[in-house]
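K.L.:
Here the protein sequences come in this chain order: A, B, C and D. Each step along the first sequence adds one to the number in this note's numbering, with nothing skipped, and position 70 is 70. Each step along the second sequence adds one to the number in this note's numbering, with nothing skipped, and position 202 is 543. Each step along the third sequence adds one to the number in this note's numbering, with nothing skipped, and position 116 is 798. Each step along the fourth sequence adds one to the number in this note's numbering, with nothing skipped, and position 332 is 1355. Positions of the beta carbon are idealized from the N, C-alpha and C atoms, including for glycine. Take a look at the following structure, please.
4 protein chains.
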Amino acid sequence: MLIIMRPGARKVETQAVIARIESQGLAAHPIYGEEHTVIGAVGDGRPVNRDQFILMDGVDRVVPISRPFKLASREFSPQDSAFPLNGVSIDPGHVVIIAGPCSVESRSQILEAAHAVKEAGAHALRGGAFKPRTSPYSFQGMGEEGLELLAEAREQTGLPIVTEVMTPEQIPLIAKYADMLQIGARNMQNYSLLKAVGECERSVLIKRGLSSTIDELLMAAEYVLSKGNRRVVLCERGIRTFETATRNTTDINAIPVIKSQTHLPVILDPSHGTGHWEYVTAIARAGIAAGADGLMIEVHPDPDNALSDGGQSLKPERFAEMVLQVKAIAEAVGKKLAPIQ
Amino acid sequence: MLIIMRPGARKVETQAVIARIESQGLAAHPIYGEEHTVIGAVGDGRPVNRDQFILMDGVDRVVPISRPFKLASREFSPQDSAFPLNGVSIDPGHVVIIAGPCSVESRSQILEAAHAVKEAGAHALRGGAFKPRTSPYSFQGMGEEGLELLAEAREQTGLPIVTEVMTPEQIPLIAKYADMLQIGARNMQNYSLLKAVGECERSVLIKRGLSSTIDELLMAAEYVLSKGNRRVVLCERGIRTFETATRNTTDINAIPVIKSQTHLPVILDPSHGTGHWEYVTAIARAGIAAGADGLMIEVHPDPDNALSDGGQSLKPERFAEMVLQVKAIAEAVGKKLAPIQ
Amino acid sequence: MLIIMRPGARKVETQAVIARIESQGLAAHPIYGEEHTVIGAVGDGRPVNRDQFILMDGVDRVVPISRPFKLASREFSPQDSAFPLNGVSIDPGHVVIIAGPCSVESRSQILEAAHAVKEAGAHALRGGAFKPRTSPYSFQGMGEEGLELLAEAREQTGLPIVTEVMTPEQIPLIAKYADMLQIGARNMQNYSLLKAVGECERSVLIKRGLSSTIDELLMAAEYVLSKGNRRVVLCERGIRTFETATRNTTDINAIPVIKSQTHLPVILDPSHGTGHWEYVTAIARAGIAAGADGLMIEVHPDPDNALSDGGQSLKPERFAEMVLQVKAIAEAVGKKLAPIQ
Amino acid sequence: MLIIMRPGARKVETQAVIARIESQGLAAHPIYGEEHTVIGAVGDGRPVNRDQFILMDGVDRVVPISRPFKLASREFSPQDSAFPLNGVSIDPGHVVIIAGPCSVESRSQILEAAHAVKEAGAHALRGGAFKPRTSPYSFQGMGEEGLELLAEAREQTGLPIVTEVMTPEQIPLIAKYADMLQIGARNMQNYSLLKAVGECERSVLIKRGLSSTIDELLMAAEYVLSKGNRRVVLCERGIRTFETATRNTTDINAIPVIKSQTHLPVILDPSHGTGHWEYVTAIARAGIAAGADGLMIEVHPDPDNALSDGGQSLKPERFAEMVLQVKAIAEAVGKKLAPIQ
């Protein structure tokens, strides 16, 4: 930690900061500059409370030096993480495509979607059984019946299942059916939920919050990792900005930034990132070109009649075309689509 | 709902939209403009799925007309809501001040804080027993022991207790001790939690999410109201923007905007809104001047050694000075501080 | 400047950074921490190019220590600036109100507006003769004829004139008529224009850019100050965020932050800050409560027929009511409205 | 235009709106809904002042229907624009790469840069002679001497020159030397400048403002087009958001959105979009994958000693590698790099 004194800070103020640094068992290293005095506080890596210095007289600001995440960091694990998802290999040489409808709406809808995305080349099936909705009056999901339908779809197609979990107490039920538990964007800082999936056997997909920084996303992963679950995938899905032409702003920069800071796999969700089906394919291509390890795509057999997110869902034939285009981009960056079992 | 066709949309496309409107039991009212055709879809107020029109050929965009919230709206209840909080009247003529530390840290800390804020003129005591923290390695709160200390502080001072609830299963425990349940900013769209507090007997304080719109805040209130709990207070606590000079950007506009759209009381939290104690008093004054019904302020007897949020906490003597200044502003806008029992 | 090395940076990399620091005539002060080595570079206050260090092998990031603005800083001039504007005293004990229409539209409009705001208690008249408009097809202002009408309004009412200047070459013409030159939000980083008004005799009002940080606003002021013109007023007018309920988000935090960093006067423009006349009075009160030195308000005798910004303009009688309310707030914070001549 | 009345608006209020619509020579089409009355105002395409309706009693909001830009729109010109830039073809089938240093710093620097980017495959040379800088104390560019050096670089390499223009009066001088005039992000709404380049013979590159919407970027283009200059290229260069891990947030969505709304070519500047050289290549690939017509890249022969933007500049050998990778992506989306003369 570096404590930067105000210009004109008095000598006794600087001495008080040094004394407090030392009282914490840290070593103090003052640098006396032309305008500012800066005091380095060197310890053994244990967290130190920044606030106790910010409030001292004469202190201008405190600059933390160490990154707040450990297990998620590249320094902790220089090599990219790799793990299997019910037979599909998630690893840095391959592109994984998770696809399916926003919500499970009926047996015929989810089975039709599952077969369509399987045929087009998807590696896993997404579909919500418990849905977070802005309005209490909107469709809230089919619940356990939806989970059963997802399991039936897996049985028919072999596709592993990715579905959202909203509260800690839902986990045992959902883990019975799903291969990967999704933490939705609105729950990215629901720490009770993060701890609970960290103690679970299933892979976890963490979607970035609408206004969460990359550092906060990595801290959310750190919660899961710190409880022992190492099979974590991160998902960029667009952030909230002033631009209203699209539902969210896909933070494409986040792909290479996250890859440089963590060993965890990173995928892109261009359906939420744009909010309009007509832009999904272009942004899917961009994500893979930027280095993403996979994609999450909303596909609906009949988007016009979808109960949620119809406007950003691809029809199966457009999804099939997208897979072909993404395959060409993957090859241009020296990767392959993950093999289909 | 209004469906706006693209310039040059074909006649059959417009007819298909009209046919679908009518198939939903709605009346279609086309307006043929110079560039665009606009079709009004008039119904009986039941929600209609927008997405089914967005995806139709020739459609440019769909403009919703009705507001998505009902019970929270001014139209539903033109008069300002008013209700008692354990003896303190929350109503439009009075300013209520909730104060206390970010976290309950020890018996002496919370009792000292409670007496100090009581003496300075606060109406309720805040303090977290279960804390959402960005890092899994940070202090996570004292849990039930913290709740017991809050109850002891209430016994000694008479101040009602406001404390945060993070998961549905914590509610029975926390409701045993607390007078008002706080939904934190990161949980504003945790719908499972909103439904659960909606079924509870306690008053609810909903803090606006860091990147939530005012409409979304009102929809969060709608979740609680729709489950039968009408004692809801909203809290503006700063939003996330590009400006980094302050921790958040206090959205002062939100005060009059929210007051114009809902009958629910609205308070301001300038501690989180600014993130720096030296700006808290100025923004507290601004909030009351803008029409807020109250304030939520972080006060710590020894901010230098606080376990969380020390940098934005006021010392008791600065808080007492703040109350005096806020009182003067309240009077300048024709209000009074809520009476102290 | 502090150069923070990556964890695991090699010794030769650290030595290369030290060598380059010293080759610039600066002193290098390394601090060897558990994870990171930090190197302080101490000089004589002359600017040093940060980029040359960012790119060196083993460097993680570079933290600047000195503030980039000098003449605008509180350290340079601890006392609040004060200066007269054609008889009106701009100083920290008084609140100054600048009011008038967005654009000068006709002789009768501007004269009617001038008399109305004068009567209600305004201290200066605003009105645009050259208008920056988003669309090339919108009304672009009356030009020199508008300036002549403003001068006539000043003659009749005694109110000093504030009007916008858009290019360096307009300055001689506009300075002939106006008492204060306004730099619009979209030109806040038009450095050619800032330099040109810095060389001019007139007071300058700088409006904060829609996405400019407070630091950048102060750097814009520094451009003007560095050319010799010390009569600069800053104006917060709302920033662009994700919230769409209002035209902009009034950054009320900016008022106390700016006051703490600079000696220059700061005013608030709640008309642009909110974009809706019905919220203007509440936010005007909030601005003065937060410590602003004045207000800039759009007032139009007939907002329904205004050629620009009608929706955010107050009618004269509402403006008169606003002045009364602002007066009460000013007194509650120990200030007075500036005396009327 | 659609005028939406408040719930409960009185009949006389609705009638007053209808009367005003008709008094403007427009036809009024009321739709009476369950909660709201909506009134369509149909005209002949001439602009109508929205504000005059917003302020009327009983009006809730006004929804514009027509897009504000005409000449820039896809409707005006369904086919993609194409034009030559001193021998380089800017057209939808090719990818154009503009590269070079942020600023012209010396004869040897710009000539070395020019030869290096030419050899690596660039199609045009960028370099600033007049530089907008946040600080008045930073290097402001070499001025006319820089322009002469750019011309010499063109003579030696054949590369057309792209350079920034900051004020209308600089245009004749800069147009003497440059092939394409760049409007910088901070000047995107400098309307005097936009009009002036619109009257000039040179191609124009408009960089999107840091907080400008896509609509506003298209309106900036409309200013230039409306003055008769049709050779306009748009450039996405990152917007300002809450994320601080990168200098700006590259709005990759903007590429397909802009392509869908306008016929003008769109290029991406990943150097400013990210602000860190190590992310530039990944985002350059993403831009072409998303459908951009070209790239603008900062390249410096010795970034460590660059006078500006060194941290985001590529070294020539890294740029050469980037061109190879971009070529592969271009081919994957069915395009080619523009031919080298």
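Taking the alpha carbon of Y1200/D as the reference point, which residue from K1034/D, E1178/D and N1213/D has its own alpha carbon closest?
P.N.:
Working through the fourth sequence from its first residue, we reach residue 1200/D at position 177. Taking only the C-alpha atoms, the option nearest Y1200/D is E1178/D.
K.L.:
Please list the residues of the region 262-294 of chain A that have a C-beta atom closer than 8 Å to any C-beta atom in chain D, keeping them in chain order.
P.N.:
G273, T274, E278, Y279, A282, I283, R285, A286, G287, I288, A289, A290 and G291
K.L.:
Report all residues from its chain with a CB closer than 7 Å to the CB of F924/C; omit the five preceding and five following residues, and keep chain order.
P.N.:
Position 242 of the third sequence, counted from the start, is the residue given in the question as residue 924/C. Excluding sequence neighbours, F924/C sits near nothing in its chain.
K.L.:
Looking at the secondary structure, which residues open and close the beta strand (DSSP E) in which V724/C lies?
P.N.:
To locate residue 724/C, count along the third sequence from 1; it is residue 42. First-last of the beta strand (DSSP E) with V724/C: T719 to V724.
K.L.:
Please determine if the region 267-274 of chain A and the region 286-299 of chain A are in contact, where contact requires at least 3 C-beta pairs separated by less than 8 Å.
P.N.:
yes
K.L.:
Thinking just about the alpha-carbon of each residue, which of R231/A, I340/A and E164/A is nearest to the one in R202/A?
P.N.:
In the first sequence, counting from the first residue as 1, residue 202/A sits at position 202. Among R231/A, I340/A and E164/A, the Cα nearest to that of R202/A belongs to R231/A.
K.L.:
Below 8 Å on the Cβ atoms is my guess for V1356/D versus A1312/D; work out the distance and round it to an integer in Å.
P.N.:
Walking along the fourth sequence from the start, residue 1356/D turns up at place 333. Walking along the fourth sequence from the start, residue 1312/D turns up at place 289. That pair is a contact at about 6 Å.
K.L.:
Compute the distance between the beta-carbons of L205/A and Q189/A, then report whether it is under 8 Å.
P.N.:
As a working mapping, residue 205/A is identified with position 205 in the first sequence. As a working mapping, residue 189/A is identified with position 189 in the first sequence. Cβ atoms of L205/A and Q189/A: not closer than 8 Å.
K.L.:
In the DSSP assignment, the alpha helix (DSSP H) including A949/C goes from what residue to what residue?
P.N.:
The sequence position of residue 949/C within the third sequence is 267, counting from 1. Per the sequence shown, the amino acid found at residue 949/C is Ile instead of Ala. Careful: I949/C lies outside any alpha helix (DSSP H), inside the beta strand (DSSP E) at V948 to L950.
K.L.:
Is there a C-beta anywhere in chain D that falls below 8 Å from the one on L412/B?
P.N.:
Counted from its first residue, the second sequence places residue 412/B at position 71. It does not; no Cβ of chain D falls within 8 Å.
K.L.:
If you draw a straight line from the alpha carbon of R285/A to that of P339/A, how long is it in whole angstroms?
P.N.:
Working through the first sequence from its first residue, we reach residue 285/A at position 285. Working through the first sequence from its first residue, we reach residue 339/A at position 339. For R285/A and P339/A, the distance between alpha carbons rounds to 19 Å.
K.L.:
With DSSP as the reference, identify every bridge partner of P1107/D, one or two as the case may be.
P.N.:
If you number the fourth sequence from 1, residue 1107/D lands on position 84. DSSP lists S1112/D as partners of P1107/D.
K.L.:
Can you pull out the residues from the region 231-243 of chain A whose beta carbon lies closer than 7 Å to at least one beta carbon of chain C?
P.N.:
R240, T241 and F242
K.L.:
Would you decide whether T1190/D is buried or exposed? Buried here means 16 or more other CB atoms lie within 10 Å of its CB.
P.N.:
In the fourth sequence, residue 1190/D corresponds to position 167, counting from 1. Burial call: buried.
K.L.:
Just to confirm before moving on: does the CB-CB distance between E505/B and G525/B stay below 8 Å?
P.N.:
Translated into positions along the second sequence, residue 505/B becomes position 164. Translated into positions along the second sequence, residue 525/B becomes position 184. It is a contact, given that the beta carbons lie within the stated cut-off.
K.L.:
Note down, one range per segment and in chain order, each alpha helix (DSSP H) of at least 4 residues found wholly within the region 755-834 of chain C.
P.N.:
789-802
K.L.:
Inspect the CB distances between the region 988-998 of chain C and the region 1072-1080 of chain D and report whether three or more fall short of 8 Å.
P.N.:
yes
K.L.:
Could you name the residues of chain C that V38/A contacts, counting a contact when the two beta carbons are closer than 8 Å?
P.N.:
Numbered from 1 along the first sequence, position 38 holds the residue referred to as residue 38/A. What V38/A touches in chain C: L684, G722 and I747.
K.L.:
Determine which residues share a DSSP beta bridge with V404/B and list them.
P.N.:
As a working mapping, residue 404/B is identified with position 63 in the second sequence. Note: V404/B sits in a beta bridge opposite L343/B.
K.L.:
Write down the C-beta distance between A811/C and L793/C rounded to the nearest angstrom, noting that I regard them as a contact closer than 8 Å.
P.N.:
The residue labelled residue 811/C in the question sits at position 129 within the third sequence. The residue labelled residue 793/C in the question sits at position 111 within the third sequence. In fact, because the Cβ distance is near 15 Å, the residues do not count as touching under 8 Å.
K.L.:
For D251/A, count the other beta carbons within 10 Å of its own beta carbon; 16 or more makes it buried, fewer makes it exposed. Which is it?
P.N.:
Along the first sequence, one-based indexing puts residue 251/A at 251. Counting Cβ neighbours within 10 Å, D251/A comes out buried, since at least 16 surround it.
K.L.:
Are R318/A and G273/A touching if we call contact CB-CB under 8 Å?
P.N.:
Taking the first residue of the first sequence as 1, we reach residue 318/A at position 318. Taking the first residue of the first sequence as 1, we reach residue 273/A at position 273. Their beta carbons are not under 8 Å apart, which means R318/A does not touch G273/A by this criterion.
K.L.:
Quick one, which of P136/A, Y137/A, E119/A and G141/A has its alpha-carbon nearest G127/A's?
P.N.:
Working through the first sequence from its first residue, we reach residue 127/A at position 127. The candidate whose alpha carbon is nearest that of G127/A is G141/A.
K.L.:
Assuming contact is defined by CB atoms lying nearer than 8 Å, are Q724/C and L684/C in contact in what I supplied?
P.N.:
Counted from its first residue, the third sequence places residue 724/C at position 42. Counted from its first residue, the third sequence places residue 684/C at position 2. It should be pointed out that residue 724/C corresponds to Val in this sequence rather than to Gln. It is not a contact, given that the beta carbons lie outside the stated cut-off.
K.L.:
Check each residue of the region 306-323 of chain A: if its Cβ is closer than 8 Å to any Cβ of chain D, include it; give the result in chain order.
P.N.:
none
K.L.:
Shorter than 8 Å from the beta carbon of P689/C to some beta carbon of chain A?
P.N.:
As a first step, residue 689/C must be located in the third sequence, where it is residue number 7. Yes, P689/C counts as interfacial toward chain A.
K.L.:
Would you list the residues sitting across from K1230/D in a DSSP beta bridge?
P.N.:
On the fourth sequence, position 207 is the one that residue 1230/D refers to. Its beta-bridge partners are C1258/D.
K.L.:
Just the Cα atoms here: how many angstroms apart are A254/A and L218/A?
P.N.:
Taking the first sequence and counting its residues from 1, the one referred to as residue 254/A is at position 254. Taking the first sequence and counting its residues from 1, the one referred to as residue 218/A is at position 218. Spanning the two alpha carbons is a distance of roughly 12 Å.
K.L.:
Quick one: what does DSSP say V1005/C is sitting in, helix, strand or coil?
P.N.:
Position 323 of the third sequence, counting from 1, holds the residue named residue 1005/C. Note: V1005/C maps to helix in three-state DSSP.
K.L.:
Assign D739/C to buried or exposed, taking buried as 16 or more other Cβ atoms, counted over all protein chains shown, within 10 Å of its Cβ.
P.N.:
Along the third sequence, one-based indexing puts residue 739/C at 57. Exposed, because fewer than 16 other Cβ atoms sit within 10 Å of the Cβ of D739/C.
K.L.:
Within this structure, are the beta carbons of V1185/D and A1244/D separated by less than 8 Å?
P.N.:
By 1-based counting over the fourth sequence, the position of residue 1185/D is 162. By 1-based counting over the fourth sequence, the position of residue 1244/D is 221. Taking 8 Å as the Cβ cut-off, V1185/D and A1244/D do not qualify as a contacting pair.
K.L.:
Out of K1250/D, G1251/D, S1100/D and N1271/D, which one is the CA nearest neighbour of G1232/D?
P.N.:
Indexing the fourth sequence from 1 puts residue 1232/D at position 209. When each option's Cα is compared against that of G1232/D, the closest is N1271/D.
K.L.:
Within the continuous alpha helix (DSSP H) that includes M901/C, where are the two ends?
P.N.:
To locate residue 901/C, count along the third sequence from 1; it is residue 219. M901/C -> alpha helix (DSSP H) spans I896 to S908.
K.L.:
Tell me which residue opens and which closes the alpha helix (DSSP H) that P1101/C is part of.
P.N.:
Because chain C here runs from 683 to 1023, residue 1101/C falls outside it and cannot be looked at.
K.L.:
So is I1054/D in contact with chain B if we call contact Cβ pairs under 8 Å?
P.N.:
Residue numbering aside, residue 1054/D sits at position 31 when the fourth sequence is read from its first letter. Chain B, which has a Cβ nearer than 8 Å to the Cβ of I1054/D, makes this yes.
K.L.:
Tell me which residues of the region 817-834 of chain C have at least one Cβ-Cβ distance to chain A shorter than 8 Å, keeping chain order.
P.N.:
none
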